[in-house]
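K.L.:
Let me begin by handing over the structure; questions about it come next.
In the working numbering, the protein residues as written are 3 to 348.
Structure follows, in structure tokens:
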């Protein structure tokens, strides 16, 4: 390793720079700087490479970060979009269960599906020491996640197909394929040719993927996509209700609707019934998530079932493996399968 001083080559030196120069992972850098008593020891040669890289680059770690203070905080920070959305309940429960097994507590923050909320979480967790972070990002980029790692010095795990950071373990489901298959099923199996879409406005990654998949499925089936057939709002049932009102006001309303989540689908059904129409006779509805309410509403909701509890459990296991030094390799992408549940709404 060259000992030429590189501090002048950039304004801010990050943990990633140290890892690249020492040819190790960022978690190894964190463990060396933490000087932890991890059961899996770090070789002396590796330790010296890291320390030499730190000195050569003039790296100054965030001493407020839990993993760099020389002792554990036994605290995990979790960022989700909205704790009132039933989809997130099994995720949080699974992470809490795993944390309990590791004698740790969990801090939960809501981003409200907003970039401002996600950025606020970043700033908050930087100020409060934790051992690890789990995020369900809708707007944060890989560069944002890298900044979070650099400024906290701890391991980050994420739920979301769009996350591709090389040091972040990711749990995800292939919602694009599931959406294409569901729209195709409405056409091929149920005979619908006028299929609308209810999604979320803005650069929300999940809704953007599902909207693109819907449009691709319509194109593959050779179906028209009339103006107004795509209605965008937020993830709530109220938004689904308003979107369906707009669809029903069209000169030729759709006879089937794919909604980006179950809450919106429930709102769609309420609007259909309020207009004196029947589900599924007049309008068929397909949702996404299979939250508990999907089997309570009448008619019961046909939907794409996710397994958020499995996502949370897999991700928590991966995160604690890194925290405990049991795994120190590249990103692991954990795909959790989806299942199409046919009920009475379609």
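Ideal placement from N, C-alpha and C gives every residue a C-beta, glycine not left out.
What is the rounded straight-line gap between the Cα of residue 47 and the Cα of residue 56?
P.N.:
Mapped onto the chain shown, residue 47 falls at position 45. Mapped onto the chain shown, residue 56 falls at position 54. The C-alpha of residue 47 lies about 14 Å from the C-alpha of residue 56.
K.L.:
Could I get the ranges of all uninterrupted alpha helix (DSSP H) runs contained in the stretch 188-234, with 4 residues as the minimum, in chain order?
P.N.:
Complete alpha helix (DSSP H) runs here, min 4: 207-222.
K.L.:
Go ahead and pull the three-state DSSP assignment for residue 346.
P.N.:
Locating residue 346 in the chain shown gives position 344, where the first residue counts as 1. Of the three classes helix, strand and coil, the one that applies to residue 346 here is coil, per DSSP.
K.L.:
Pick helix, strand or coil for residue 105, following the three-state DSSP scheme.
P.N.:
Locating residue 105 in the chain shown gives position 103, counting from the first residue. Coil.
K.L.:
Using only CA atoms, which one of 91, 200, 153 and 236 lies nearest to residue 1?
P.N.:
As shown, the chain starts at 3 and ends at 348. That puts residue 1 outside it, with no answer to give.
K.L.:
Would you say residue 327 touches the ligand MN, meaning its beta carbon is less than 7 Å from a heavy atom?
P.N.:
The model depicted lacks the ligand MN and carries no ligand whatsoever.
K.L.:
Just checking, does the stretch 84-97 make contact with the stretch 308-315 on the three C-beta pairs under 8 Å criterion?
P.N.:
As far as the Cβ criterion goes, the stretch 84-97 touches the stretch 308-315, which means the pair count is three or higher.
K.L.:
Assign residue 170 to one of three DSSP states: helix, strand, or coil.
P.N.:
Looking up residue 170 in the chain shown gives position 168. DSSP places residue 170 in coil when its eight states are reduced to three.
K.L.:
Is the number of C-beta pairs between the stretch 164-176 and the stretch 253-260 that are closer than 8 Å three or more?
P.N.:
The stretch 164-176 vs the stretch 253-260: no contact.
K.L.:
Residue 341 bridges to which residues according to DSSP?
P.N.:
Walking along the chain shown from the start, residue 341 turns up at place 339. DSSP lists 307 as partners of residue 341.
K.L.:
Can you check whether the CB of residue 110 is closer than 8 Å to the CB of residue 80?
P.N.:
Mapped onto the chain shown, residue 80 falls at position 78. Mapped onto the chain shown, residue 110 falls at position 108. In contact: residue 80 and residue 110 (Cβ atoms closer than 8 Å).
K.L.:
Cβ atoms of residue 32 and residue 168: under 8 Å apart, would you say?
P.N.:
Residue mapping note: residue 168 aligns to position 166 of the chain shown, counting from 1. Residue mapping note: residue 32 aligns to position 30 of the chain shown, counting from 1. The answer is no: Cβ separation not under 8 Å.
K.L.:
On the three-state DSSP scale, how would you describe residue 117?
P.N.:
The residue labelled residue 117 in the question sits at position 115 within the chain shown. Helix.
K.L.:
For residue 249 and residue 233, what's the separation of their Cα atoms in angstroms?
P.N.:
Translated into the one-based positions of the chain shown, residue 249 becomes position 247. Translated into the one-based positions of the chain shown, residue 233 becomes position 231. The alpha-carbon atoms of residue 249 and residue 233 are separated by roughly 8 Å.
K.L.:
Let me know if residue 101 comes out buried or exposed under the rule of 16 or more other beta-carbons within 10 Å of its beta-carbon.
P.N.:
Stepping through the chain shown from its first residue, residue 101 is reached at position 99. The residue in question, residue 101, is buried, as its Cβ has 16 or more Cβ neighbours within 10 Å.
K.L.:
Just checking my contact of residue 160 with residue 137 at CB under 8 Å: how many whole Å lie between their CB atoms?
P.N.:
In the chain shown, residue 160 corresponds to position 158, counting from 1. In the chain shown, residue 137 corresponds to position 135, counting from 1. About 5 Å; that satisfies the 8 Å criterion.
K.L.:
Helix, strand or coil, according to DSSP, for residue 328 in the structure here?
P.N.:
Taking the first residue of the chain shown as position 1, residue 328 is located at position 326. Looking at residue 328 - three-state DSSP - the assignment turns out to be coil, as it is neither helix nor strand.
K.L.:
Are the Cβ atoms of residue 78 and residue 108 separated by less than 8 Å?
P.N.:
Within the chain shown, the letter at position 76 stands for residue 78. Within the chain shown, the letter at position 106 stands for residue 108. Against a cut-off of 8 Å, the Cβ pair of residue 108 and residue 78 comes out as a contact.
K.L.:
Candidates 202, 34 and 306: which alpha carbon is nearest residue 293's?
P.N.:
Start at 1 with the first residue of the chain shown, and residue 293 comes out as number 291. Answer by Cα proximity: 306.
K.L.:
By the three-class DSSP mapping on this structure, what secondary structure does residue 289 have?
P.N.:
Numbered from its first residue, the chain shown carries residue 289 at position 287. In the structure shown, residue 289 sits in a strand (DSSP, three-state: E or B).
K.L.:
Ends of the alpha helix (DSSP H) at residue 20?
P.N.:
As a working note, residue 20 is residue 18 in the chain shown. First-last of the alpha helix (DSSP H) with residue 20: 17-24.
K.L.:
If you reduce the DSSP assignment to three classes, tell me which class residue 136 lands in.
P.N.:
Against the chain shown, residue 136 aligns to sequence position 134. Residue 136 falls in the strand class under three-state DSSP.
K.L.:
Whose C-beta lies closer than 6 Å to the C-beta of residue 272 among residues of the same chain, with five residues either side of it excluded?
P.N.:
Position 270 of the chain shown, counted from the start, is the residue given in the question as residue 272. Within the same chain, residue 272 has close Cβ partners 243.
K.L.:
Are the CB atoms of residue 219 and residue 192 nearer to each other than 8 Å?
P.N.:
Translated into positions along the chain shown, residue 219 becomes position 217. Translated into positions along the chain shown, residue 192 becomes position 190. No.
K.L.:
Just the C-alpha distance for residue 288 and residue 260, rounded to the nearest angstrom, thanks.
P.N.:
Position 286 of the chain shown, counted from the start, is the residue given in the question as residue 288. Position 258 of the chain shown, counted from the start, is the residue given in the question as residue 260. For residue 288 and residue 260, the distance between alpha carbons rounds to 5 Å.
K.L.:
Please say whether residue 194 and residue 267 have beta carbons closer to each other than 8 Å?
P.N.:
As a working note, residue 267 is residue 265 in the chain shown. As a working note, residue 194 is residue 192 in the chain shown. In this structure, residue 194 does not lie closer than 8 Å to residue 267 by Cβ.
K.L.:
Do you know whose CA, among 291, 323, 59 and 296, lies nearest residue 176's CA?
P.N.:
Looking up residue 176 in the chain shown gives position 174. Minimum Cα distance to residue 176 is reached at 291.
K.L.:
When you compare only the Cα positions, how much space is there between residue 21 and residue 130?
P.N.:
Counted from its first residue, the chain shown places residue 21 at position 19. Counted from its first residue, the chain shown places residue 130 at position 128. Going by the C-alpha atoms only, they are around 24 Å apart.
K.L.:
Please work out which residues of its chain come closer than 8 Å, Cβ to Cβ, to residue 61, disregarding the five sequence neighbours upstream and downstream, and give them in chain order.
P.N.:
Taking the first residue of the chain shown as 1, we reach residue 61 at position 59. Here the set comprises 15, 16, 17, 19, 20 and 55.
K.L.:
Among 224, 331 and 337, which residue has its Cα nearest to the Cα of residue 25?
P.N.:
Walking along the chain shown from the start, residue 25 turns up at place 23. Measuring from the Cα of residue 25, the nearest candidate turns out to be 331.
K.L.:
Could you have a look at residue 259 and say whether DSSP puts it in helix, strand or coil?
P.N.:
Numbered from 1 along the chain shown, position 257 holds the residue referred to as residue 259. Residue state, collapsed to three classes: strand.
K.L.:
Between residue 75 and the rest of its own chain, which residues show a CB-CB distance below 6 Å, the 5 nearest in sequence each way excluded?
P.N.:
Your numbering for residue 75 matches position 73 in the chain shown. For residue 75, where only same-chain residues beyond five positions count, the Cβ hits under 6 Å are 68, 131, 132 and 133.
K.L.:
Do you know offhand how far residue 126's Cα is from residue 226's?
P.N.:
Indexing the chain shown from 1 puts residue 126 at position 124. Indexing the chain shown from 1 puts residue 226 at position 224. In a straight line, the C-alpha of residue 126 is about 47 Å away from that of residue 226.
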